[in-house]
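> Here the sequence shown is numbered in UniProt numbering, starting from 1 and rising by one per residue. Where a beta carbon is used, it is the ideal one built from N, C-alpha and C, also for glycine. There's a structure below that I have some questions on.
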Amino acid sequence: MASSPRALPSVFMSVSLCPQPVRPSAAPTIFGVIGVVLLGLLLLCVLAYVVVRLGVNAAAVCTGVALIPLAVVLLGVRWIDRWDPESPLGLWFAFLWGAGGAAVIVLLIELNMKITAVVLGDYPGYSNFVGAVIRAPLVEETAKGVGVLLVLLIWRRTVDGPVDGIVYAAVVASGFACVENILYFGRGYVEDGLYGLVGIFFLRGVLSPFAHVLFTSCTGVALGVASRRSPDVRVPIALLGLALAVFLHALWNGSSFLMSDWFGFYLVVQVPLFALAVVGVILLRRRERRVTLERLADYEAVGWFSPDEVRMLGTPKGRRTAIHWARSFGGSYPTVMRGLMRSATRLAHLRQRQLLGRAGRDTALEERRLLDDVVARRAVFTR
1 MASSPRALPS VFMSVSLCPQ PVRPSAAPTI FGVIGVVLLG LLLLCVLAYV VVRLGVNAAA
61 VCTGVALIPL AVVLLGVRWI DRWDPESPLG LWFAFLWGAG GAAVIVLLIE LNMKITAVVL
121 GDYPGYSNFV GAVIRAPLVE ETAKGVGVLL VLLIWRRTVD GPVDGIVYAA VVASGFACVE
181 NILYFGRGYV EDGLYGLVGI FFLRGVLSPF AHVLFTSCTG VALGVASRRS PDVRVPIALL
241 GLALAVFLHA LWNGSSFLMS DWFGFYLVVQ VPLFALAVVG VILLRRRERR VTLERLADYE
301 AVGWFSPDEV RMLGTPKGRR TAIHWARSFG GSYPTVMRGL MRSATRLAHL RQRQLLGRAG
361 RDTALEERRL LDDVVARRAV FTR
């Protein structure tokens, strides 16, 4: 482990270890807990609606089936989020917003449109095509996007860019898609029994489990990028991401109306889009690792880390070796090591924002807090 750090030169922010470590704000935890409770209540309302609409047996069966694509999506999210894990509370907030908040918004608007259609008769805004290709993408992507925005605002101190936006957007989308799948599976099961359920599961759970994730991730990427840009361009970037999400969603829904060969469209358009998204995520994850390694090297140059520590904290192989080593001690050592990795990663990204001229007013305090945390966790292994 590194020896006592030398003084930072003028190109770095002035930081020093304090007898009283800087504590992180409790606001994200407070808002997060309140949000999770309220959104959990909304999810209970959604589930009650599902039971009333489908019946207890169908609701139970279809909920169980809907958990299969949900698990696949969340495993993918976990892979994306491995390098710099997001707040567990933030992830719960995101999921419950999708399954509770966004679902309630969409269901209420759907109910309003149905009432309007009954009152006005053949209301054109409620036609199948307009509803599926225009209204649904606009309403659903906006509702999900609001959730992503809220999460990024509440946990803005730990948001480092587009990867964080993708993670939270994917979790919001997974929650919403799970509820939507329950309803679609339920309709197939009630109308055509097991054959109807299997058919819709194949279309939604096998061919397109990541559809909502792909759409909403456009908003997530845009919000993640916008969070580290000047205020003048944040709104245009966010709206551009939302517009792309709506467009892709409309393209997906519209294919069943406009394309005679839906499977051909799926293979020629949707599969390449998904592959392109996967490649984009891989490149962003590589950039995330590269930034961590390069910026930790800056701190190594002035004595905060040793060269071995930089390799340990800034490379996948180094992290695997470190976790394996920490596990050999048992107890809480692996947890402490993961915390050290998390703080070092956020420290590196904080430094990157400073170099790009995007540091906030409280960046110096945040850097000091992270350095305090790094030194405290390091001490666990050196005492």
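Going by the CB atoms, is the gap between Ser174 and Leu74 shorter than 8 angstroms?
Against a cut-off of 8 angstroms, the Cβ pair of Ser174 and Leu74 comes out as a contact.
> So, with DSSP's three-state summary, where would you put Glu300?
In this structure, Glu300 counts as helix in the three-state DSSP scheme.
> Is Ser227 near Leu284, with beta carbons less than 8 angstroms apart?
Contact flag unset, no.
> Buried or exposed for Lys317, going by 16 or more other Cβ atoms inside 10 Å?
Counting Cβ neighbours within 10 Å, Lys317 comes out exposed, since fewer than 16 surround it.
> Roughly how many angstroms lie between the CA atoms of Met337 and Leu313, to the nearest whole one?
For Met337 and Leu313, the distance between alpha carbons rounds to 10 angstroms.
> I'd like the span of the alpha helix (DSSP H) that includes Ala308, first residue to last.
For the record, residue 308 in the displayed sequence is Asp; it is not Ala. 307-314 is the span of the alpha helix (DSSP H), which, as asked, contains Asp308.
> Could you pull out every residue in the same chain whose Cβ sits closer than 7 angstroms to the Cβ of Leu54, ignoring the five residues on either side in sequence?
Closer than 7 angstroms at the Cβ level, and outside the excluded window around Leu54, lie Cys62, Gly186, Val190.
> Could I get the ranges of all uninterrupted alpha helix (DSSP H) runs contained in the region 35-93, with 4 residues as the minimum, in chain order?
Listed in chain order, the complete alpha helix (DSSP H) runs (minimum 4 residues) inside the region 35-93 are 56-80.
> In whole angstroms, what separates the C-alpha of Leu293 from that of Ser306?
Near 12 angstroms, if we compare the C-alpha coordinates of Ser306 and Leu293.
> From Arg286 to Gly100, what does the alpha carbon distance come to, in whole angstroms?
In a straight line, the C-alpha of Arg286 is about 33 angstroms away from that of Gly100.
> Which value, in whole angstroms, describes the spacing of the CA atoms of Val56 and Val50?
Taking the straight line joining both Cα atoms gives about 9 angstroms.
> Alpha carbon to alpha carbon, what distance is there between Val172 and Val148?
For Val148 and Val172, the distance between alpha carbons rounds to 7 angstroms.
> How should Tyr184 be labelled, buried or exposed, when 16 other C-beta atoms within 10 angstroms of its C-beta is the threshold for buried?
Buried, because 16 or more other Cβ atoms sit within 10 Å of the Cβ of Tyr184.
> Between the Cα of Val72 and those of Leu96, Leu138, Val213, spot the shortest distance and give me the residue it belongs to.
Residue Val213 is the option with its Cα nearest to Val72.
> By the 10 Å Cβ neighbour count, where 16 or more other Cβ atoms means buried, how is Ser230 classified, buried or exposed?
It is exposed - the Cβ of Ser230 has fewer than 16 other Cβ atoms within 10 Å.
> Looking at C-alpha atoms only, which residue of Glu140, Asp192, Val106, Arg156 is the closest neighbour of Leu350?
It is Arg156.
> For my contact list, Pro162 and Val246 are in at a C-beta cut-off of 8 angstroms; report their separation, rounded to the angstrom.
That belief does not hold up - the Cβ atoms of Pro162 and Val246 are roughly 19 angstroms apart, past 8 angstroms.
> Just to confirm my understanding: we take Asp164, look at its own chain, exclude 5 residues before and 5 after, and list those with CB closer than 7 angstroms. What are they?
Around Asp164: Glu86, Gly224.
> Taking Cβ to Cβ, would you say Val139 is nearer than 8 angstroms to Cys45?
In this structure, Cys45 does not lie closer than 8 angstroms to Val139 by Cβ.
> Could you pull out every residue in the same chain whose Cβ sits closer than 7 angstroms to the Cβ of Gly199, ignoring the five residues on either side in sequence?
So the list reads Gly188, once near-sequence residues are dropped.
> Find out if the Cβ-Cβ distance for the pair Lys144, Phe95 is shorter than 8 angstroms.
No; because the gap between Cβ atoms is not below 8 angstroms, this pair is not in contact.
> Give the C-beta separation of Phe210 and Phe129 to the nearest angstrom, bearing in mind that I take them to be a contact with Cβ-Cβ under 8 angstroms.
Phe210 to Phe129, Cβ: 25 angstroms. No contact.
> Do you know how far the Cα of Val206 is from the Cα of Trp252?
The alpha-carbon atoms of Trp252 and Val206 are separated by roughly 16 angstroms.
> Name the residue from Ser25, Trp83, Leu111, Trp97 whose alpha carbon lies nearest to the alpha carbon of Val36.
Cα-wise, what sits closest to Val36 is Trp97.
> What would DSSP say about Gly125, mapped onto helix, strand or coil?
The predicted position of Gly125 is uncertain, since its pLDDT is 46 and thus under 50; a value taken from the coordinates is nonetheless stated next. Helix.
> Suppose you measure from the CA of Leu371 to the CA of Ser343; what does that come to, to the nearest Å?
Distance between the alpha carbons of Leu371 and Ser343: 8 angstroms.
> Could you round the C-beta distance between Val133 and Phe257 to whole angstroms and report it? I think they count as a contact, below 8 angstroms.
Confirmed, Cβ separation roughly 7 angstroms.
> What's the C-alpha gap between Gly241 and Ile182?
The straight-line gap from Cα to Cα measures roughly 28 angstroms.
> Answer with buried or exposed for Phe201, where buried requires no fewer than 16 other C-beta atoms within 10 angstroms of its C-beta.
With 16 or more other Cβ atoms within 10 Å, it is buried.
> Suppose contacts are defined by Cβ-Cβ distances below 8 angstroms. Is Ala348 in contact with Arg295 by that definition?
In this structure, Arg295 lies closer than 8 angstroms to Ala348 by Cβ.
> Could you name the residues of the same chain whose beta carbon sits closer than 6 angstroms to that of Ala277, not counting the 5 residues immediately before and after it, in chain order?
Hits under 6 angstroms: Leu214.
> For Asp372, which of helix, strand or coil comes out of DSSP?
Looking at Asp372 - three-state DSSP - the assignment turns out to be helix.
> Give a yes or no on whether the C-beta atoms belonging to Ser255 and Phe265 are separated by under 8 angstroms.
Cβ atoms of Ser255 and Phe265: closer than 8 angstroms.
> Taking the alpha-carbon of Leu197 as reference, which of Arg82, Ala60, Arg378 has the nearest alpha-carbon?
The candidate whose alpha carbon is nearest that of Leu197 is Ala60.
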